[in-house]
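A.B. asks: The numbers in my numbering rise by one with no breaks, and the one at position 195 of the sequence shown is 891. Yeah, the Cβ is synthetic: ideal placement off N, Cα and C, and Gly gets one too. Got a structure here, written out as structure tokens. Questions coming.
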Amino acid sequence: MVAVDDQSADVRFSVPLYTQAEAAGYLDMASSTFGDWARGYRRTFPDRPEVVGSPLITYLGSPHSPHPSIPFIGLAEGMFLSALRRANVPLQRIRPALDMVREQIGVDHALASRRLYAVGAQLLYEIGDDLDAEDKRETRKLIVLKDGQYVFREVIESYLTRIAYHEAGNQYARKIDLPGYEVAQISVLPGVNFGRPFFTRTGTPLYVVADDLRAGESVADVADDYGLPENQVAEVQRRIEREAATTVVR
């Protein structure tokens, strides 16, 4: 288990806000993948050694619970891992490097810390010589050299810039702008709407807009009701339709 440290009074760490399925949906990824990150996994094969991965995401309570078990800080950790997935690099190949980077950064919940954003790419380069050849090759795919310094690839950077960090202390994530939206601006703050996503511009809970659309109200009417740009509401409508089509296929 990824342990929660002594920030027990901080709701980002201490309050389970999301089920694993909800967190996966917010990060625009498969719930099975998020579950592997939160619960860990064990893969067995007939012709090669088994592969074991311990949890990378903070959870509270039972990792197999259908009830909310992921705190905000776990969602932020998942955001970083989701960014790595977008780089098409197998997580099991970069896992040794991630473990080394977390140790060198030297704080709990390193995947949700500004320090990872600031120095993580350079550390990934520096530890390359401590990895086997294949792990080193895959890890180097995450970074590029820019102006004499190693930085995360653009696809990863675009995710990480959606995370806002506290300025003081260990500078952990405090706000996330959710991925998967090209037009709508949807944010998550642990102290707003019980951690549920909301439209950044107005504070309108996403679920309120989605419920009205599912009930058959038009995009134009919903946008007018909540003072939202019509193109943002239209994007939510498209996501609802896409999710419904996926459910039917399944």
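My output table needs one value for residue 741: the three-state DSSP class, helix, strand or coil.
C.D. replies: Note: residue 741 maps to coil in three-state DSSP.
A.B. asks: So, at 6 Å on beta carbons, what are the nonlocal neighbours of residue 876 in its own chain, with the 5 sequence-adjacent residues on each side left out?
C.D. replies: Once the five neighbours on either side are set aside, the close Cβ partners of residue 876 are 724.
A.B. asks: Measure from the alpha carbon of residue 819 to the alpha carbon of each residue in 838, 785, 719, 938, then state which is nearest.
C.D. replies: When each option's Cα is compared against that of residue 819, the closest is 838.
A.B. asks: Assuming residue 779 contacts residue 823 (C-beta within less than 8 Å), just tell me the rounded distance between them.
C.D. replies: 19 Å between Cβ atoms; not a contact.
A.B. asks: Buried or exposed: residue 841, going by 16 or more other Cβ atoms within 10 Å of its Cβ?
C.D. replies: Per the 10 Å Cβ criterion, exposed.
A.B. asks: Could you tell me whether the segment 824 to 837 touches the segment 857 to 868, using the rule of 3 or more Cβ pairs below 8 Å?
C.D. replies: No, they do not touch.
A.B. asks: Count the other CB atoms, across all protein chains shown, that sit within 10 Å of the CB of residue 907; report buried if there are 16 or more and exposed otherwise.
C.D. replies: Exposed, by the Cβ-count rule.
A.B. asks: Sort 760, 849, 874 by Cα distance to residue 721 and report the nearest one.
C.D. replies: The shortest Cα separation from residue 721 among 760, 849, 874 belongs to 874.
A.B. asks: First and last residue of the alpha helix (DSSP H) that includes residue 870?
C.D. replies: Taken as a continuous stretch (DSSP letters only), residue 870 belongs to no alpha helix (DSSP H), being part of the beta strand (DSSP E) at 869 to 873.
A.B. asks: Taking just the CA atoms, how far does residue 898 sit from residue 821?
C.D. replies: Taking the straight line from one Cα to the other gives about 41 Å.
A.B. asks: Are there three or more Cβ pairs, one per stretch, closer than 8 Å when the segment 801 to 812 is compared with the segment 740 to 747?
C.D. replies: As far as the Cβ criterion goes, the segment 801 to 812 does not touch the segment 740 to 747, which means the pair count is below three.
A.B. asks: What residues in its chain sit with their C-beta under 6 Å from that of residue 946, if we drop five residues either side in the sequence?
C.D. replies: With a pLDDT of only 30 at residue 946, under 50, the local geometry of the prediction cannot be trusted, and the value read off the model is given with reservation. Hits under 6 Å: none found.
A.B. asks: If I follow the unbroken alpha helix (DSSP H) through residue 721, where does it start and stop?
C.D. replies: First-last of the alpha helix (DSSP H) with residue 721: 716 to 722.
A.B. asks: In angstroms with no decimal places, state the Cα-to-Cα distance between residue 935 and residue 825.
C.D. replies: Rounded to the nearest angstrom, the two C-alpha atoms are 43 Å apart.
A.B. asks: Which residue's Cα is closest to the Cα of residue 896: 915, 858, 917?
C.D. replies: The candidate whose alpha carbon is nearest that of residue 896 is 858.
A.B. asks: Can you tell me which of the three DSSP states residue 778 falls into?
C.D. replies: Residue state, collapsed to three classes: helix.
A.B. asks: Nearest-angstrom Cα distance between residue 904 and residue 852?
C.D. replies: Taking the straight line joining both Cα atoms gives about 31 Å.
A.B. asks: Counting only runs of 3+ residues fully inside the segment 789 to 869, write out the beta strand (DSSP E) ranges in chain order.
C.D. replies: The segment 789 to 869 contains these whole beta strand (DSSP E) runs: 839 to 842, 845 to 848, 859 to 861.
A.B. asks: Expressed to the nearest angstrom, what Euclidean distance is found between the alpha-carbon atoms of residue 787 and residue 912?
C.D. replies: For residue 787 and residue 912, the distance between alpha carbons rounds to 41 Å.
A.B. asks: What's the C-alpha gap between residue 955 and residue 708?
C.D. replies: With the chain running from 697 to 946 in the structure shown, residue 955 is simply not present.
A.B. asks: Excluding five sequence neighbours on each side, which residues of the same chain lie with their C-beta closer than 7 Å to the C-beta of residue 973?
C.D. replies: Since the first residue of the chain shown is 697 and the last is 946, residue 973 is not available in this structure.
A.B. asks: The ligand ATP heavy atoms versus the CB of residue 823: any closer than 7 Å?
C.D. replies: Ligands displayed in this structure: none; no statement on the ligand ATP is therefore possible.
A.B. asks: Name the DSSP beta bridge partners of residue 894, please?
C.D. replies: Answer is 883, 901, bridged to residue 894.
A.B. asks: Contact defined as beta carbons within less than 8 Å: I believe residue 776 pairs with residue 856. What is the distance between those atoms, to the nearest angstrom?
C.D. replies: Confirmed, about 7 Å.
A.B. asks: Helix, strand or coil: which one does DSSP assign to residue 749?
C.D. replies: Residue 749 falls in the strand class under three-state DSSP.
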